[in-house]
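Participant:
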Amino acid sequence: GLIFDSEGYHIPCNAMYALKLGKFGEDFRDPTSFRKYLNTEGVQKTYQKLCGVPDEGCLSCDKLIHCGGGCVCQYTNYKLKDYLVRNQK
């Protein structure tokens, strides 16, 4: 989904409120300009990084279809090994 903060900034998720990608009224104003904005190199690269997996081992994991690689905020704050053990209990 798409998330906007109270000032009209497009942000990748509620936990990443400081990462302001673009602003309504400045970077886009309507559906057409918003589509164009979403396809800019900067926005595309940001989402590609955020939608990646924390470890190559995730690509062969049978749980990948359910977790999608997990939350980037979680695996940047924990070691992958600790994160996996913590969530398997």
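Numbering (the numbering used here), first residue to last: 1311 to 1399.
Don't be surprised by glycine CBs; every beta carbon is placed ideally from N, CA and C.
Just so you know, these numbers come straight off a predicted model, no measurement behind them.
#1: In angstroms, rounded to a whole number, what distance separates the CA positions of residue 1368 and residue 1384?
#2: Is the beta carbon of residue 1322 sitting closer than 7 Å to the one on residue 1329?
#3: Would you mind stating whether residue 1319 and residue 1333 have Cβ atoms separated by less than 7 Å?
#4: Hey, out of 1380, 1379, 1331, whose CA is closest to residue 1354's CA?
#5: Which two residues bound the contiguous beta strand (DSSP E) that contains residue 1319?
#6: Just the Cα atoms here: how many angstroms apart are residue 1399 and residue 1342?
Facilitator: On the basis of the coordinates in this document:
#1: Taking the sequence shown and counting its residues from 1, one reaches residue 1368 at position 58. Taking the sequence shown and counting its residues from 1, one reaches residue 1384 at position 74. Answer to the nearest angstrom: the Cα atoms are 15 Å apart.
#2: Working through the sequence shown from its first residue, we reach residue 1322 at position 12. Working through the sequence shown from its first residue, we reach residue 1329 at position 19. Going by C-beta atoms, residue 1322 is nearer than 7 Å to residue 1329.
#3: Along the sequence shown, one-based indexing puts residue 1319 at 9. Along the sequence shown, one-based indexing puts residue 1333 at 23. Yes, these two residues count as a Cβ contact at 7 Å.
#4: By one-based count along the sequence shown, residue 1354 stands at place 44. Residue 1354 has its Cα closest to that of 1331, out of 1380, 1379, 1331.
#5: Numbered from its first residue, the sequence shown carries residue 1319 at position 9. Element bounds for residue 1319: 1319–1321.
#6: Counting from 1 along the sequence shown, the entry for residue 1399 is found at position 89. Counting from 1 along the sequence shown, the entry for residue 1342 is found at position 32. For residue 1399, the pLDDT reaches just 46, beneath the cut-off of 50, and the residue's location in the model is therefore unreliable, leaving the point undetermined.
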